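Counting from 1, one number per residue, gives the positions in the sequence shown under full-length UniProt numbering.
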Amino acid sequence: MSIPVGLQLYTLREETEKDFVGTLKAVATMGYQTVEFAGYGRIKANEMKKVLNDLGLSSPSSHVSIENLLTELEEQIQYSLEIGAKYIVCPYLDAGTYLHGEQNLKNTLSSFQKIALKCKENGLQFAYHNHDFEFEKWDVKSYLDHIFQSIDEDLLVAELDLFWVKKAGLDPIQYLSSLKNRCPIIHVKDMTNDDRKTFSEVGHGIINYPSIFKRAQQIGIEYYIVEQDVCERPPLESVKMSIDYLKSIGIA
């Protein structure tokens, strides 16, 4: 069974700000099967679910800021349930506020534990999306290891961003393999072949995605989510280039 290919809508944040539904239509027309939300554009959950159904899209996951997770978790859970999502993902932590310093880290782990338990009580799964700075070490282990080793794997899973793994100087396949069955979603994001090592359309950079996809199919990945934080061409053009590449290698 093929793994669905989706798009993280943060990539098209300017487009969704202007026309959320029209942007979703464009994404569906390109051949993306799922979308991962990064905000809902003030569209009510029942309306969003209808739009997704009409376009033949689904949404397995949403990015929800740590601030919103701490202040409006119930509302976020209800929205996710109504649109049929499975995962609520914390997309980012400000390192100085939430990681650096023993007490900050303890507070964050305690918050994650509570959020994860509440998600589980409601039939959802909590996940964390990495950048590169979580691979910095504190007290022997990386911050990412502190997070995943402090919270049970049935409560917290990884949404592994492979660009940031490589940016941190690690091998994406090796790190993905180390998570075993704890990583249901991977962010598919490429890196330019120049000194900048910045964001590229998938298949147009230096990350060996054919090998990654082969390994992903062996360890239970459920979703591939394309993301490009910054595009040097019109973002809709960039995300089409990425899905066209994935089609060309039989992934999409």
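The beta-carbon is built from N, C-alpha and C at its ideal position, and this holds for glycine as well. Only a predicted model underlies this, so the values are computations on that prediction, with no experimental measurement involved.
*Could you check where the beta strand (DSSP E) with glutamine 125 kicks off and where it finishes?*
The sequence position of residue 125 within the sequence shown is 125, counting from 1. Where glutamine 125 is concerned, the enclosing beta strand (DSSP E) stretches over 125–129.
*Mind checking serine 61: buried by the 16 CB within 10 Å criterion, or exposed?*
Indexing the sequence shown from 1 puts residue 61 at position 61. So serine 61 ends up on the buried side.
*Looking at the structure shown, is lysine 197 part of a helix, part of a strand, or coil, going by DSSP?*
Counting from one through the sequence shown, the residue named residue 197 turns up at place 197. Three-state result, lysine 197: coil.
*Grab the span of the beta strand (DSSP E) containing glutamine 8 for me, first residue to last.*
Numbered from its first residue, the sequence shown carries residue 8 at position 8. Note, glutamine 8: beta strand (DSSP E), 5–8.
*Could you say which of Trp164, Leu176, Ile185, Gly96 lies nearest to alanine 127 if we only look at CA atoms?*
As a working mapping, residue 127 is identified with position 127 in the sequence shown. Alanine 127 has its Cα closest to that of Ile185, out of Trp164, Leu176, Ile185, Gly96.
*Should aspartate 94 go down as buried or exposed, given a rule of 16 or more other Cβ atoms within 10 Å for buried?*
By one-based count along the sequence shown, residue 94 stands at place 94. By the neighbour-count criterion, in which a residue is buried when 16 or more other Cβ atoms sit within 10 angstroms of its Cβ, aspartate 94 is exposed.
_Between the CA atoms of arginine 233 and leucine 9 - distance to the nearest angstrom_ = On the sequence shown, residue 9 is found 9 positions in, with the first residue counted as 1. On the sequence shown, residue 233 is found 233 positions in, with the first residue counted as 1. Leucine 9 and arginine 233: Cα-Cα distance of roughly 16 Å.
*In angstroms, rounded to a whole number, what distance separates the CA positions of valine 64 and leucine 55?*
Translated into positions along the sequence shown, residue 64 becomes position 64. Translated into positions along the sequence shown, residue 55 becomes position 55. The alpha-carbon atoms of valine 64 and leucine 55 are separated by roughly 23 Å.
*Measure the Cβ-Cβ separation of valine 239 and leucine 52 and say whether it is below 7 Å.*
As a working mapping, residue 239 is identified with position 239 in the sequence shown. As a working mapping, residue 52 is identified with position 52 in the sequence shown. Contact flag unset, no.
*asked:* With a threshold of 7 Å on Cβ separation, who are the neighbours of serine 211 within its own chain once the five nearest residues in sequence on each side are excluded?
replied: In the sequence shown, the residue the question calls residue 211 occupies position 211. These residues qualify, in order along the chain: Ile173.
*Cβ shell of isoleucine 206 (< 6 Å), same chain only, five flanking positions each side left out*: Walking along the sequence shown from the start, residue 206 turns up at place 206. Met191, Asn193, listed in sequence order.
_Suppose you measure from the CA of leucine 73 to the CA of alanine 26; what does that come to, to the nearest Å?_
Taking the sequence shown and counting its residues from 1, the one referred to as residue 73 is at position 73. Taking the sequence shown and counting its residues from 1, the one referred to as residue 26 is at position 26. Leucine 73 and alanine 26: Cα-Cα distance of roughly 30 Å.
*Please confirm if the segment 157–172 is in contact with the segment 125–139, defined as three or more CB-CB distances below 8 Å between the two stretches.*
yes
*Which residues bound the alpha helix (DSSP H) around glutamate 74?*
Walking along the sequence shown from the start, residue 74 turns up at place 74. Counting along the chain, the alpha helix (DSSP H) containing glutamate 74 begins and ends at 73–83.
*What residue does the beta strand (DSSP E) around proline 60 start on, and which one ends it?*
Here residue 60 refers to the residue found at position 60 when the sequence shown is read from its first residue. Counting along the chain, the beta strand (DSSP E) containing proline 60 begins and ends at 58–63.
*asked:* Taking the beta strand (DSSP E) that phenylalanine 135 belongs to, which residues open and close that run?
replied: Numbered from 1 along the sequence shown, position 135 holds the residue referred to as residue 135. Per DSSP, phenylalanine 135 belongs to no beta strand (DSSP E) and is neither H nor E.
*Output yes or no for whether 7 Å exceeds the beta carbon distance between alanine 45 and isoleucine 3.*
If you number the sequence shown from 1, residue 45 lands on position 45. If you number the sequence shown from 1, residue 3 lands on position 3. No, the pair does not count as a contact, with Cβ atoms beyond the cut-off.
*To the nearest whole angstrom, what separates the beta carbons of glutamine 5 and valine 226, a pair I think is in contact under 8 Å?*
Locating residue 5 in the sequence shown gives position 5, counting from the first residue. Locating residue 226 in the sequence shown gives position 226, counting from the first residue. Here the sequence assigns valine to residue 5, which means glutamine is not the residue at that position. Indeed, because the Cβ distance is near 7 Å, the residues count as touching under 8 Å.
*With a 10 Å radius around its C-beta and 16 neighbouring C-beta atoms as the bar for buried, classify threonine 16 as buried or exposed.*
Within the sequence shown, numbered from 1, the residue matching residue 16 stands at position 16. Classification for threonine 16: buried.
*Specify the secondary structure class of leucine 105 as computed by DSSP and reduced to three states.*
Within the sequence shown, the letter at position 105 stands for residue 105. Three-state DSSP puts leucine 105 in a helix.
_Assigned exposure category for glutamate 237 - 16 Cβ within 10 Å defines buried_ = On the sequence shown, position 237 is the one that residue 237 refers to. Label assigned to glutamate 237: exposed.
*Short check: CB of leucine 124 to CB of serine 59, under 7 Å?*
Taking the sequence shown and counting its residues from 1, one reaches residue 124 at position 124. Taking the sequence shown and counting its residues from 1, one reaches residue 59 at position 59. Taking 7 Å as the Cβ cut-off, leucine 124 and serine 59 do not qualify as a contacting pair.
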